[in-house]
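These protein sequences, in sequence, are chains P and H. If you're matching positions, the first sequence starts at 19 in the working numbering and goes up one per residue. If you're matching positions, the second sequence starts at 19 in the working numbering and goes up one per residue.
There are 2 protein chains.
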Amino acid sequence: MSVAFPLPPGSTIGILGGGQLGRMLALAAARLGLDVVILTPDEGSPASRVAKRTIVAAYDDPDALKALADASHVVTYEFENVPARTVRALTGLGAQVAPGPEALRVAQDRVEEKTFLNAAGAPTVAFAAIDHAFDIDEALPRIGLPAVLKTRREGYDGKGQVWIRAASEAAEAFAAVGEVPSVLEAKASFVRELSVIAARGRDGEIACYPLSQNEHEGGVLRTTYAPAHVPPALQAEAERIAGEILTRLDYVGIMGIELFDLGDGALLVNEIAPRVHNTGHWTQDGCEVDQFEQHIRAVAGWPLGDTTPMVSVEMTNLLGDEVLDWLAIARQPDARLHLYGKGDPRPGRKMGHVNRVRAKIPGG
Amino acid sequence: MSVAFPLPPGSTIGILGGGQLGRMLALAAARLGLDVVILTPDEGSPASRVAKRTIVAAYDDPDALKALADASHVVTYEFENVPARTVRALTGLGAQVAPGPEALRVAQDRVEEKTFLNAAGAPTVAFAAIDHAFDIDEALPRIGLPAVLKTRREGYDGKGQVWIRAASEAAEAFAAVGEVPSVLEAKASFVRELSVIAARGRDGEIACYPLSQNEHEGGVLRTTYAPAHVPPALQAEAERIAGEILTRLDYVGIMGIELFDLGDGALLVNEIAPRVHNTGHWTQDGCEVDQFEQHIRAVAGWPLGDTTPMVSVEMTNLLGDEVLDWLAIARQPDARLHLYGKGDPRPGRKMGHVNRVRAKIPGG
Numbered sequence: 019m020s021v022a023f024p025l026p027p028g029s030t031i032g033i034l035g036g037g038q039l040g041r042m043l044a045l046a047a048a049r050l051g052l053d054v055v056i057l058t059p060d061e062g063s064p065a066s067r068v069a070k071r072t073i074v075a076a077y078d079d080p081d082a083l084k085a086l087a088d089a090s091h092v093v094t095y096e097f098e099n100v101p102a103r104t105v106r107a108l109t110g111l112g113a114q115v116a117p118g119p120e121a122l123r124v125a126q127d128r129v130e131e132k133t134f135l136n137a138a139g140a141p142t143v144a145f146a147a148i149d150h151a152f153d154i155d156e157a158l159p160r161i162g163l164p165a166v167l168k169t170r171r172e173g174y175d176g177k178g179q180v181w182i183r184a185a186s187e188a189a190e191a192f193a194a195v196g197e198v199p200s201v202l203e204a205k206a207s208f209v210r211e212l213s214v215i216a217a218r219g220r221d222g223e224i225a226c227y228p229l230s231q232n233e234h235e236g237g238v239l240r241t242t243y244a245p246a247h248v249p250p251a252l253q254a255e256a257e258r259i260a261g262e263i264l265t266r267l268d269y270v271g272i273m274g275i276e277l278f279d280l281g282d283g284a285l286l287v288n289e290i291a292p293r294v295h296n297t298g299h300w301t302q303d304g305c306e307v308d309q310f311e312q313h314i315r316a317v318a319g320w321p322l323g324d325t326t327p328m329v330s331v332e333m334t335n336l337l338g339d340e341v342l343d344w345l346a347i348a349r350q351p352d353a354r355l356h357l358y359g360k361g362d363p364r365p366g367r368k369m370g371h372v373n374r375v376r377a378k379i380p381g382g
Numbered sequence: 019m020s021v022a023f024p025l026p027p028g029s030t031i032g033i034l035g036g037g038q039l040g041r042m043l044a045l046a047a048a049r050l051g052l053d054v055v056i057l058t059p060d061e062g063s064p065a066s067r068v069a070k071r072t073i074v075a076a077y078d079d080p081d082a083l084k085a086l087a088d089a090s091h092v093v094t095y096e097f098e099n100v101p102a103r104t105v106r107a108l109t110g111l112g113a114q115v116a117p118g119p120e121a122l123r124v125a126q127d128r129v130e131e132k133t134f135l136n137a138a139g140a141p142t143v144a145f146a147a148i149d150h151a152f153d154i155d156e157a158l159p160r161i162g163l164p165a166v167l168k169t170r171r172e173g174y175d176g177k178g179q180v181w182i183r184a185a186s187e188a189a190e191a192f193a194a195v196g197e198v199p200s201v202l203e204a205k206a207s208f209v210r211e212l213s214v215i216a217a218r219g220r221d222g223e224i225a226c227y228p229l230s231q232n233e234h235e236g237g238v239l240r241t242t243y244a245p246a247h248v249p250p251a252l253q254a255e256a257e258r259i260a261g262e263i264l265t266r267l268d269y270v271g272i273m274g275i276e277l278f279d280l281g282d283g284a285l286l287v288n289e290i291a292p293r294v295h296n297t298g299h300w301t302q303d304g305c306e307v308d309q310f311e312q313h314i315r316a317v318a319g320w321p322l323g324d325t326t327p328m329v330s331v332e333m334t335n336l337l338g339d340e341v342l343d344w345l346a347i348a349r350q351p352d353a354r355l356h357l358y359g360k361g362d363p364r365p366g367r368k369m370g371h372v373n374r375v376r377a378k379i380p381g382g
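In structure tokens, the structure reads:
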């Protein structure tokens with residue numbers, strides 16, 4: 019489909035993925051008068067309930083990709099593990115895909131990611147590529163102990179990771195991650211975890227939301243506090259890092275950048291996600307233009323929206339059967355409930371989140 | 019379908035009508051994890067693009083009503099001219115319909131409406147039922163001049179109305195409204211038009227948003243300013259009126275109540291709309307829980323949300339080709355754009371609206 023940006027209202031956004039991020043992107047697109055088509059392998063997905071159309075097929079189904087390309091003025095995605103061949107196929111069909119393939123390539127492989135980040139002037143922990151157990155032995159003197167071994171690809175929410183506390187654990191650790199290509203990372207001595215949600219428009223304009231402070235449990239995000247109490251210089255450093263990353267990738271859309279605050283004014287990048295991000299959900303009730311609308315604006319070639327916070331927010335994920343507390347939460351005056359339309363509240367599953375506005379922010 | 023309130027997430031809300039109000043109700047329902055089924059006679063309606071399912075049929079199609087009743091845990095509507103037989107059919111099929119038939123009966127007929135309002139202690143202008151031109155002659159001495167003749171049923175946005183400035187114009191005016199049953203109303207000497215958006219839950223709880231000040235052009239809403247600058251006693255009087263109306267109707271949902279501010283502390287009710295209301299669109303960006311979520315909460319039997327305003331808002335309708343300014347509006351930092359997904363911007367058609375936050379409110 020031949021397109022000119024900015025896409026006018028009435029245009030169609032294609033979204034790869036039917037989960038809660040796709041759902042919230044679809045709701046944001048609707049506010050702007052844009053239609054949404056979802057491609058997902060799952061029947062009855064959260065996003066498909068609020069989309070104009072859903073194509074239920076595998077992400078590499080040629081007919082489905084043709085249908086998506088034909089229907090969409092631009093295609094975006096809600097997860098970073100979109101197969102490279104899917105993006106190539108869509109591009110080959112003449113579809114516009116944003117963010118572009120380079121961001122996916124970098125985000126899908128932890129060694130590529132850290133190599134790119136360091137080259138971009140975005141510091142990370144020390145790391146080493148691991149292809150064999152003996153690579154761990156070789157790297158440990160430089161990386162130090164404890165160190166964490168992670169699969170290069172496909173890990174998220176703490177999966178595919180194992181800590182190494184003694185050199186003797188190398189072989190066992192490599193077995194634990196499945197003896198696949200991995201990365202060994204030094205432990206960061208951080209005082210807290212922060213993140214910055216950054217957007218870049220088609221004209222190169224960049225807009226960052228204020229830093230948020232994040233708490234994880236068992237590798238899964240539990241709570242985000244925003245805006246985090248940080249000195250202006252730390253916000254500026256986060257924006258410098260975000261600017262380098264997004265500009266070098268010629269990025270279009272929202273990126274979630276997870277950071278370690280070392281407590282001395284320095285930040286390390288933990289990882290980047292080329293999509294809307296769980297640590298940006300606070301913007302739905304904290305800012306005039308939230309990360310979902312901002313992403314739609316960016317990929318549609320619209321001007322970026324204002325990222326000034328209106329109010330402080332504490333965002334808490336509702337995991338598994340915590341969602342059964344919906345009625346009690348709905349009674350709380352400062353709680354804004356966001357539910358994802360998922361059926362089965364299996365343990366740990368992200369079922370929704372609560373934004374508590376005018377929250378007390380730690381350190382404030 | 020047998021239902022128990024409050025409806026849990028995953029339940030389905032049926033909506034009669036596929037316009038922008040149905041669309042914004044559907045978006046609000048989605049945030050709460052509820053699915054939506056739309057019944058509309060129009061293909062490709064604004065609401066159907068964000069609903070799980072759409073039934074395209076006439077509002078009195080028995081098969082369509084059966085399908086809607088079977089699919090929905092509760093049925094609501096976005097327009098007050100829902101045929102009474104539609105509600106009877108749905109109720110006969112075991113469907114829950116909210117707001118109930120009494121609210122529709124009263125809101126669909128201007129004589130019934132004013133009679134009800136006065137009995138409820140909600141003052142209106144003087145009025146008379148008109149069935150013949152000579153009824154006008156008889157009523158004019160009591161109503162005074164100028165007076166406005168309106169059809170009893172089906173008028174909106176200034177349609178089906180004609181002003182009478184001399185007794186000699188009676189026959190001409192009656193002809194102009196089509197010689198249908200009408201109402202003759204005295205001219206209110208008001209200083210400004212206000213409205214209150216009020217909600218009543220299934221447990222009888224009532225919550226009112228702050229009064230808004232409204233400006234019409236050619237009978238169509240142009241701008242809403244909210245919260246209006248009013249003395250606390252005037253807000254209290256509006257809430258007293260709303261409480262009487264909603265309680266006497268055993269109402270469930272949002273009602274828009276248009277008021278004349280007489281400038282001496284008294285309010286007259288101009289008209290009531292048993293649905294979400296154009297003068298309540300400011301709540302989307304002014305309050306934590308907007309009128310759309312509040313309506314869904316009420317009809318689903320959830321507790322009502324907080325109606326405290328967070329920020330002042332100037333809401334402007336985008337009529338006809340004013341929507342073509344979308345790009346310029348998207349660039350304005352304090353403007354929140356809401357577009358309805360309608361294709362053809364015919365003159366006067368409501369295509370979207372803009373909420374400008376932190377607006378200067380007249381009289382402030």
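Yeah, the Cβ is synthetic: ideal placement off N, Cα and C, and Gly gets one too.
In the DSSP assignment, P:THR58 falls within the beta strand (DSSP E) that extends over 53 to 58. Scanning chain P for C-beta atoms nearer than 7 Å to the C-beta of H:PRO24 yields LEU345, reported in chain order. Annotation for H:ASP362: no alpha helix (DSSP H) segment contains it, and DSSP assigns it neither H nor E. DSSP places P:ASN288 in the uninterrupted beta strand (DSSP E) bounded by 285 to 291. With a beta-carbon spacing of about 18 Å, H:THR326 and H:THR242 fall beyond the 8 Å limit used to define contacts. The C-beta separation of H:VAL180 from H:ALA189 comes to about 12 Å, leaving the pair out of contact by the 8 Å criterion.
Residue-level contact by beta carbon holds for P:TRP320 and chain H, with a gap shorter than 8 Å. Apart from sequence neighbours up to five positions away, the residues of its chain that approach H:TYR358 with a beta-carbon distance below 8 Å are GLY37, GLN38, ARG41, PRO64, LYS368, MET369, GLY370, ordered along the chain.
Using a Cβ-Cβ distance cut-off of 8 Å, the region 289 to 307 of chain H and the region 330 to 345 of chain H are in contact, since at least three pairs of beta carbons, one from each stretch, lie closer than that value.
For P:VAL375, a Cβ of chain H is located within less than 8 Å of the residue's own Cβ. Under the three-state reduction of DSSP output, H:LYS368 falls in the strand class. Not one beta carbon of chain H lies nearer than 8 Å to the beta carbon of P:LYS368. The C-alpha of H:VAL115 is placed about 17 Å away from the C-alpha of H:ILE73. Counting only Cβ-Cβ distances below 7 Å, H:TYR358 has contacts in chain P at GLY51, in chain order. As the crow flies, the alpha-carbon of H:PRO199 is around 47 Å from that of P:LEU355. In the three-state scheme derived from DSSP, where H, G and I count as helix and E and B as strand, P:ASP343 is classed as helix. H:ALA48 has a beta carbon lying within less than 8 Å of a beta carbon in chain P. For H:ARG49, the uninterrupted alpha helix (DSSP H) run begins and ends at 38 to 49, by DSSP. Separation of H:VAL248 and H:GLU276 (C-alpha to C-alpha, rounded to the nearest whole angstrom) is 15 Å. Beta bridge pairing from DSSP links H:ILE31 with H:VAL54, H:VAL92. Neighbours of P:ALA348 in chain H, taken as residues whose beta carbon is under 9 Å from its own, are PRO24, LEU50, ARG315, TRP320, PRO321, GLY323 in chain order. In the same chain as H:ASP60, and ignoring 5 residues on each side of it, the C-beta atoms closer than 6 Å to its own belong to GLY36, in chain order. For P:GLY236, not one C-beta of chain H is nearer than 8 Å to its own C-beta. Annotated as distal: P:GLY323 and P:VAL270, with beta-carbon spacing of 8 Å or more. Taking P:VAL209 as the centre and dropping the five residues before and after it, the same chain places the C-beta of ASP279, GLY281 closer than 6 Å to its C-beta, in chain order. For H:GLY110, there is no enclosing beta strand (DSSP E); the enclosing alpha helix (DSSP H) has its first and last residue at 102 to 110. Chain H places no beta carbon closer than 8 Å to that of P:MET333, leaving this residue out of the contacts. Taking 8 Å as the cut-off between beta carbons, the residues of the region 277 to 310 of chain P near chain H are ASP303, GLU306, VAL307, in sequence order.
Comparing C-alpha distances from H:ALA138 to each of H:GLU262, H:ILE148, H:ASP343, H:GLU289 shows the shortest one belongs to H:GLU262.
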